[in-house]
Amino acid sequence: MNNRKIVQEALELMPGGVNSPVRAFKAVGGEPVVLVKGRGCRVWDADGKEYIDFLASWGPLILGHAHPKVVKAVKDEVEKGLSFGLTNPHEVKLAQLVVEMVPSVEKVRFVNSGTEATMSAVRLARGVTGKKLVVKFDGCYHGHYDSLLVSAGSGVATFAIPGTPGIPEEIANLTLVIPFNDESAVREVFEKHGEEIACVIVEPVAGNMGVVPPKEGFLELLREITRDSGSLLIFDEVITGFRLSKGGAQELFGVEPDITCMGKVLGGGMPVGAYGGKKEIMSQVAPEGPVYQAGTLSGNPVAMVAGVETLKELRDSEPYGELDRKADKLSKGVSKILKDKGIPHRINRVGSMFTVFFTEREVYDFESAKSSDTELFGRFFQKLLEKGVLIPPAQFEAWFVSTAHEEEHIEDALNRVEDAVKEL
Ligand code: KE4
94 MNNRKIVQEA LELMPGGVNS PVRAFKAVGG EPVVLVKGRG CRVWDADGKE
144 YIDFLASWGP LILGHAHPKV VKAVKDEVEK GLSFGLTNPH EVKLAQLVVE
194 MVPSVEKVRF VNSGTEATMS AVRLARGVTG KKLVVKFDGC YHGHYDSLLV
244 SAGSGVATFA IPGTPGIPEE IANLTLVIPF NDESAVREVF EKHGEEIACV
294 IVEPVAGNMG VVPPKEGFLE LLREITRDSG SLLIFDEVIT GFRLSKGGAQ
344 ELFGVEPDIT CMGKVLGGGM PVGAYGGKKE IMSQVAPEGP VYQAGTLSGN
394 PVAMVAGVET LKELRDSEPY GELDRKADKL SKGVSKILKD KGIPHRINRV
444 GSMFTVFFTE REVYDFESAK SSDTELFGRF FQKLLEKGVL IPPAQFEAWF
494 VSTAHEEEHI EDALNRVEDA VKEL
């Protein structure tokens, strides 16, 4: 049992045996799965068991695992060396693609993770506006940056509390957390604190409370109220960027933020994050401007070529209609299976990302998402795993469909879901 042996060794050597908490399966129980190989829409664990994969490494693998063009580009690049610490031509090429594809971005800075992207974007907003307060939404996750790893305070539009030990209250108190999709809360927080708000940061389509789309007019409200208050609007498109369309959620919904944070798909599976926006704002970033941010491996050539091949493929093949159709077929199929079994559920889907919530309520914010039966979700996850279907090991995440999921894989997955649900 290689899987178990590797997990036991990992537990001795790394906190919780993992390098990111959600991989420990605490939310779903059972032994964490160790993956050793991926090809297309399939992955294999350390015991050789095969799964149809809808985790997609939490979003990056929109082209599936080991896409030939990406693998070839990475192989060719590593032969020339892995890192130089000075400019390389591939970061320029990836920057050209980002500027071409993302409507609001004229200049971009690459970093190594989504957390670095959002952390830098908030610093830039504070630096540009000279203001301190940050507004975020309950249930939205933007990485583990102190100012954003905070929980909602006691009442609406009140100052946040630390989301974890190690974050001083003084830092948490510079963040305001309000309910997603709540227009009155947005207006209230700006009435109370508008003059001091540096930025609003939002997942334009939430993925981290499970998939929750913005209500009609919500993004437009954020755009208008920030502009009127001299605050910046930051779209955290680490999940939605290049996934919901070539230009992400901002293209899909026609609302342009001041700063866009990117990651996941941008690196095609390699560690890449980015933040970008209009030249007027990005010119404030060092060394052009005074707002400092840096990184030894930022723009790493091997990571850059993976991103270049991924974005070129998305730009040229325009797969979004097909991705939407396949995700619609899968999510509707899962819903029919659960309905036929009499299991209350709600599915929220935007494009190729969706979440199955085990609740009868409409899910439009974190409170309603939390009405889900997470114990049932754990059993659903484990049964699917047994049948060879891998979904995210947590209720408040998203299933991802890739271009590598062909019709037969969707059919196969639905048959396996049906077998799993029969045994719930
Ligand atoms: P990273 O630092 O993990 O690359 O990105 C942080 C981040 C920022 N913004 C959004 C919208 C994100 O979803 C994330 C990271 N997403 C989680 C799960 N949805 C990554 C999985 C993990 O934490 O291991």
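My numbering applies: residue 94 is where the sequence shown begins, and numbers increase by one.
Here a beta-carbon is modelled for each residue, glycine too, at the ideal position from N, C-alpha and C.
Since we're looking at a predicted model, the values are computed, not measured.
- If you draw a straight line from the Cα of residue 393 to the Cα of residue 428, it comes to about 42 Å.
- When distances are taken from the beta-carbon of residue 116 to the heavy atoms of the ligand KE4, the shortest one is below 8 Å.
- DSSP, reduced to helix, strand and coil, places residue 127 outside both helices and strands of the structure shown, so it counts as coil.
- Between residue 195 and residue 360, the gap from beta carbon to beta carbon reaches 9 Å or more.
- Residue state for residue 363 is assigned as strand, using DSSP reduced to three classes.
- In this structure, the CA atom of residue 217 is about 22 Å from the CA atom of residue 189.
- Across the structure, residue 143 and residue 318 are spaced so that their CA atoms are roughly 49 Å apart.
- When the five nearest sequence neighbours on each side are left out, the beta carbons in the same chain lying within less than 8 Å of the beta carbon of residue 191 are those of 198, 201, 355, 359, 367, 369, 404, in order along the chain.
- When the beta-carbon positions are compared, residue 487 and residue 121 come within less than 9 Å of each other.
- Less than 9 Å separates the beta-carbon of residue 158 from that of residue 136.
- For residue 325, the three-state secondary structure derived from DSSP is strand.
- Taken from the Cβ of residue 210, at least one heavy atom of the ligand KE4 lies inside 8 Å.
- Between the ligand KE4 and the CB of residue 301, the shortest heavy atom gap is smaller than 8 Å.
- By the beta-carbon neighbour count (other beta carbons within 10 angstroms, threshold 16), residue 493 is buried.
- As summarised for the segment 274-361, the continuous alpha helix (DSSP H) elements at least 4 residues long and confined to that stretch are 276-286, 311-322, 341-346, given in chain order.
- In this chain, the beta strand (DSSP E) harbouring residue 442 covers 439-443.
- At the C-beta level, residue 155 and residue 335 come within 9 Å of one another.
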